[in-house]
Amino acid sequence: MRIERLSKTWLDVCVVATCCFALVGCGPSGHPGLIPVSGKVTIDGEPLQTGTVEFIPDTSKGTTGQVAFGQIGADGTFQLRTFEPNDGVKPGSYKVGVQAMEVVPFDPEAPEPPSDKSLIPTRYADAITSGLTAEVKPESNDPLQFELFSKP
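Position 65 (the sequence shown) corresponds to 65 in the UniProt record's numbering; numbering is contiguous.
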């Protein structure tokens with residue numbers, strides 16, 4: 001009987017400890033200092049209707065941190081995420097890349113699988129060489145605008 005009571009006590013302690021650890025894990029994000037960033041991407045003056053935007057910290061200007069991404073919507077707009085949807089990025093300077101691919105349907109009778117086709121010039125895909133940059137301020141930021149051109 002004493003062993004049963006001792007086992008039940010240990011079981012109760014384990015349940016309470018597990019609940020405490022779970023509650024600690026449900027607290028606010030462990031990534032303070034992120035600034036929400038949104039924007040719009042256009043190509044030749046029209047909204048880019050699909051794709052992703054990539055922000056890479058510009059270490060040459062002292063910005064450190066994680067790479068952030070944003071999914072481009074049908075209206076050309078995006079919101080950045082670093083760890084969680086729409087959480088933003090750290091303030092600083094960023095090099096920006098944009099990718100937009102047309103998915104080519106698979107044809108089982110084709111000799112080789114088709115390659116996806118870029119909807120924009122491939123020069124924009126690499127954030128390091130695209131020429132696109134952004135400055136994120138510690139205070140509120142206006143939506144960013146990225147105008148892409150189909151011809152150089």
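Glycine included, each C-beta is placed from N, C-alpha and C at the ideal position.
These numbers were taken from a predicted model, which means no experiment stands behind them.
Close-in-space but distant-in-sequence residues of the same chain around residue i (CB under 8 Å, 5 per side omitted)
| i | result |
| --- | --- |
| Thr129 | Arg123 |
| Glu135 | Gly92, Ser93 and Tyr94 |
Beta-carbon proximity check, residue i vs residue j, cutoff 8 Å
| i | j | result |
| --- | --- | --- |
| Gln66 | Thr82 | yes |
| Pro143 | Gly70 | no |
| Ala74 | Val89 | no |
| Ala127 | Val103 | no |
| Gly45 | Ile72 | no |
| His31 | Asp87 | yes |
One or two residues paired with residue i in a DSSP bridge
| i | result |
| --- | --- |
| Ser38 | Gln79 |
| Tyr94 | Pro57 and Ala134 |
| Val89 | Ile35 |
| Leu144 | Gly39 |
Whole-angstrom C-beta distance between residue j and residue i, which should lie under 8 Å
| i | j | result |
| --- | --- | --- |
| Tyr94 | Ile35 | With a Cβ gap of about 11 Å, Tyr94 and Ile35 do not count as contacting. |
| Gly76 | Val41 | 5 Å |
| Ser150 | Pro121 | 6 Å |
| Leu132 | Leu48 | About 13 Å; that fails the 8 Å criterion. |
Own chain partners of residue i with C-beta closer than 6 Å, once the 5 adjacent residues on each side are dropped
| i | result |
| --- | --- |
| Leu119 | Ala100 and Glu102 |
| Ser60 | none |
| Pro114 | Val104 |
| Val53 | Gly70, Phe78 and Val98 |
Residues near residue i in its chain [Cβ-Cβ closer than 7 Å; skip 5 each side]
| i | result |
| --- | --- |
| Val138 | Inspection of the sequence shows that residue 138 is occupied by Pro rather than by Val. Ile35 and Pro91. |
| Thr64 | Pro57 |
Margin query: When you compare the segment 103–123 with the segment 65–80, are there three or more beta-carbon pairs, one atom per stretch, that lie closer than 8 Å?
Written below: no
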